[in-house]
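The block underneath contains the structure these notes are about, expressed in structure tokens.
In this note's numbering, the protein residues as written are 117 to 245.
Here it is, written out as structure tokens:
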């Protein structure tokens with residue numbers, strides 16, 4: 117291995133102020149309670165039901181290397197590299213809401229569906245201002 121390769125590997129493993137100098141952005145699953153208020157017909161009348169489901173959803177989590185250094189080409193100024201952990205691809209999922217209520221009354225055999233978007237993948241990307 118050449119000196120420059122070893123130096124590059126050491127730089128990637130070096131910690132500055134407790135922060136890693138490598139990107140660490142990943143897709144994780146978390147449990148989320150989804151609540152929707154939807155119109156339903158139940159018992160011969162129209163109602164606004166509050167329906168819920170407890171589901172596993174994807175989120176983006178982690179850190180990305182960003183830095184600001186004085187610019188030698190644009191005085192006074194700075195060269196900025198800003199990266200954020202965010203979705204690289206989205207998917208739409210449809211779920212069945214497991215319990216619907218109208219006030220304190222559980223609406224038996226009412227199973228509504230709803231959809232939401234979630235990350236299918238995450239990556240360090242240029243930050244949006």
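Beta carbons: idealized from backbone N, C-alpha and C, even for Gly.
Rounded Cβ spacing between residue i and residue j (contact assumed at less than 8 Å)
| i | j | result |
| --- | --- | --- |
| residue 158 | residue 222 | Contact doesn't hold; Cβ gap of about 11 Å is too wide. |
Cβ neighbour criterion (16 or more within 10 Å) applied to residue i
| i | result |
| --- | --- |
| residue 213 | buried |
| residue 143 | buried |
Beta-carbon proximity check, residue i vs residue j, cutoff 8 Å
| i | j | result |
| --- | --- | --- |
| residue 168 | residue 140 | no |
| residue 207 | residue 236 | yes |
| residue 166 | residue 228 | no |
| residue 244 | residue 199 | no |
Helix, strand or coil at residue i according to DSSP, with G and I counted as helix
| i | result |
| --- | --- |
| residue 192 | coil |
| residue 172 | strand |
| residue 206 | strand |
| residue 132 | Residue confidence is low: residue 132 scores 43 on pLDDT, short of 50, so the model does not pin down where it sits. No coordinate-derived value is stated. |
| residue 178 | strand |
| residue 224 | coil |
| residue 218 | strand |
Which residues DSSP lists as bridging residue i, in chain order
| i | result |
| --- | --- |
| residue 241 | 200 |
| residue 137 | None, per the DSSP bridge assignment. |
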